[in-house]
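J.:
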Amino acid sequence: MGIETTARAMQYILAPVVMISASALILNGMHGRYISLNNRLRDMSRERLKLVTTNAEEWTYKEERLHYIDSELPLILNHYIQVHQAIMVMYLAVMLYVINMFMIAIAYQTQSATIALTALVFFLIGTSTSLVALAINVREFWNSHKLTENEVKQALSQ
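For the sequence shown, the numbering used here assigns the number 234 to the initial residue and increments by one for each residue that follows.
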């Protein structure tokens with residue numbers, strides 16, 4: 234295989250590389266959100282445990298705070314699970330793109346139309362998988378927005 238042939242093969246492999254880079258950028262944002270939700274869950278769980286194990290005299294609004302934490306924890310956990318799902322689906326897409334890179338290289342080397350078609354299908358499945366991950370993330374963002382909006386309205390009404 235000559236230099237030109239190798240260069241041409243590498244050009245074909247560039248499309249999945251671009252998709253992997255785009256996925257990595259999106260995953261970076263998702264991980265930030267995931268860590269934030271993780272920290273919030275841990276802090277609220279710790280606070281709940283502290284409220285339950287301390288004397289009532291030490292906390293003026295103990296019952297109100299416990300009620301708030303008990304209602305918030307399941308909601309935050311739901312957001313946490315949604316972000317986790319989006320991250321896992323996006324990693325699956327990246328894995329499909331990496332497999333696709335190898336398939337393109339093999340198809341180019343063997344000049345096999347069947348492998349080339351399979352590589353195209355893998356690329357499209359990877360792209361569809363990325364779209365599913367983004368849809369899960371958008372749904373979580375929308376739910377988070379509505380939850381925050383409702384919390385603020387409730388706080389303003391008191």
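Glycine included, each C-beta is placed from N, C-alpha and C at the ideal position.
From which residue to which residue does the alpha helix (DSSP H) around Ser254 run?
T.: Locating residue 254 in the sequence shown gives position 21, where the first residue counts as 1. Segment 236-286, the alpha helix (DSSP H) holding Ser254.
J.: Buried or exposed: where does His378 fall if 16 or more other Cβ atoms within 10 Å of its Cβ makes it buried?
T.: Along the sequence shown, read from residue 1 onward, the residue named residue 378 stands at position 145. Result: exposed.
J.: Should Ile253 and Val327 be called a contact, given that it needs their Cβ atoms to be closer than 8 Å?
T.: Here residue 253 is taken as the residue at index 20 of the sequence shown, counted from 1. Here residue 327 is taken as the residue at index 94 of the sequence shown, counted from 1. Going by C-beta atoms, Ile253 is nearer than 8 Å to Val327.
J.: Does the distance from the C-beta atom of Glu373 to that of His300 stay below 8 Å?
T.: Locating residue 373 in the sequence shown gives position 140, where the first residue counts as 1. Locating residue 300 in the sequence shown gives position 67, where the first residue counts as 1. No.
J.: Are the beta-carbon atoms of Thr362 and Leu325 separated by less than 8 Å?
T.: The count along the sequence shown starts at 1 and reaches residue 362 at position 129. The count along the sequence shown starts at 1 and reaches residue 325 at position 92. With respect to the 8 Å criterion, Thr362 and Leu325 are classified as neighbours on the basis of their beta carbons.
J.: Give me the residue from Gly235, Ile236, Pro249 with the minimum Cα distance to Met334.
T.: Here the question's residue 334 lines up with position 101 in the sequence shown. Answer by Cα proximity: Pro249.
J.: Please report how far the alpha carbon of Leu380 lies from the alpha carbon of Arg273, in whole angstroms.
T.: As a first step, residue 380 is located in the sequence shown; it is residue number 147 there, counting from the start. As a first step, residue 273 is located in the sequence shown; it is residue number 40 there, counting from the start. If you take the alpha carbons of Leu380 and Arg273, they lie about 15 Å apart.
J.: Between the Cα of Arg279 and the Cα atoms of His317, Glu382, Ile302, which residue gives the shortest distance?
T.: As a working mapping, residue 279 is identified with position 46 in the sequence shown. Nearest to Arg279 by alpha-carbon distance, out of His317, Glu382, Ile302, is Ile302.
J.: In three-state terms, what does DSSP make of Thr293?
T.: Here residue 293 refers to the residue found at position 60 of the sequence shown. In the three-state reduction of the DSSP assignment, Thr293 falls in the coil class.
J.: Please report the residue range of the alpha helix (DSSP H) in which Gln387 lies.
T.: Here residue 387 refers to the residue found at position 154 of the sequence shown. It spans 346-390 - the alpha helix (DSSP H) in which Gln387 sits, taken as one unbroken run.
J.: Residues in the same chain with beta-carbon distance under 8 Å from Arg281, minus the five sequence neighbours each way, listed in chain order, please.
T.: Locating residue 281 in the sequence shown gives position 48, where the first residue counts as 1. Closer than 8 Å at the Cβ level, and outside the excluded window around Arg281, lie Leu299, Ile302, Asp303, Leu306.
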